[in-house]
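Undergrad: Numbering (our numbering), first residue to last: 7 to 77. One structure is given below, represented as structure tokens, and several questions about it will come after.
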Amino acid sequence: MGKLEKELEDLVGFVGSGGGFGSPDAAEQHQREIDLLKFKITRRDNFKLAIISAIIGALVGAGVTAVSQFF
């Protein structure tokens, strides 16, 4: 489990363990922090997927170029 997932688990676990909030603003801030971590995790995962897709595309392009040189 990565650092971001650990932080998210801690934030979500705080509410699940009975952690209360003194004001509605505190609850909203807590939810914003959870949403921000979810966004960061999604962005990181999408970046990894883009890198993998680019590598696969480059390999396929190189393969097509190599095959076209022989025919």
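Glycine included, each C-beta is placed from N, C-alpha and C at the ideal position.
Let's test the definition: count the other Cβ atoms within 10 Å of the Cβ of LEU65 and tell me whether it reaches 16, buried, or not, exposed.
TA: Flag for LEU65 reads exposed.
Undergrad: Taking Cβ positions, are LEU14 and ARG50 nearer each other than 8 Å?
TA: Against a cut-off of 8 Å, the Cβ pair of ARG50 and LEU14 comes out as no contact.
Undergrad: Decide if LEU43 is buried, meaning its Cβ has at least 16 other Cβ atoms within 10 Å, or exposed.
TA: Result: buried.
Undergrad: Determine whether the beta carbon atoms of GLU40 and VAL18 lie at a separation below 8 Å.
TA: The identity of residue 40 in the sequence shown is Ile, whereas the question assumes Glu. Contact flag set, yes.
Undergrad: Under 8 Å Cβ to Cβ from PHE20, same chain only, skipping five residues before and after it: list those, please.
TA: Around PHE20: HIS36.
Undergrad: Hey, could you find the ends of the alpha helix (DSSP H) GLY67 is sitting in?
TA: It spans 30-76 - the alpha helix (DSSP H) in which GLY67 sits, taken as one unbroken run.
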